[in-house]
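Structure, as structure tokens:
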Amino acid sequence: MFMSCEIDDDAEDPTIDWVLDCAGDAVVRFGLNVLIIDPWNELEHHRRRDESLAAPAPGMVAARRGHVFVLKRHLHGNTWLVHDSNSGHGKTRIHPRSIAGFTIVDPRAGT
């Protein structure tokens, strides 16, 4: 079964709390065993406390499905020297990598 939470055009922008309320209602109403929430669909303009609008900087984390690495030093354009703990075949290495397409998060934000 697929279910979506409808947003009233006159309502304020949805928040994560609104999505979680809708999810809770769906679990109770439909007896769901699995619930998948895509918060980036309509909520992409909302930031969590641990997300930064600042430019990428050393110590920030680049992540996308199946891969995470730490930014060490900016080289040029989208290319950074990164600490990559899962660089294939269980190897850890520091190497140049483009951060294009990655979500950049400051793990120190909000502390």
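In UniProt numbering, the protein residues as written are 1 to 111. No residue lacks a Cβ here, since even glycine has one placed at the ideal position from N, Cα and C. Just so you know, these numbers come straight off a predicted model, no measurement behind them.
Identity of the residues DSSP links to residue i by a beta bridge
i	result
residue 69	62
residue 75	DSSP, once it has assigned bridges, lists no residue as partnering residue 75.
residue 81	73, 96
Where residue i sits in the DSSP three-state scheme
i	result
residue 32	coil
residue 25	helix
Residue i versus the options, residue with shortest Cα-Cα distance
i	options	result
residue 81	15, 30, 56	56
residue 78	92, 97, 65, 86	97
residue 103	87, 91, 66	66
residue 99	15, 76, 27	76
residue 107	85, 60, 83	60
residue 83	15, 64, 58, 18	58
residue 64	29, 101, 21, 23	101
Endpoints, the beta strand (DSSP E) within which residue i is located
i	result
residue 95	93 to 98
residue 15	Premise fails: residue 15 is in no beta strand (DSSP E) and is neither H nor E.
Exercise for review: Examine the Cβ distances between the region 63 to 72 and the region 28 to 35 and report whether three or more of them are shorter than 8 Å.
Suggested key: no
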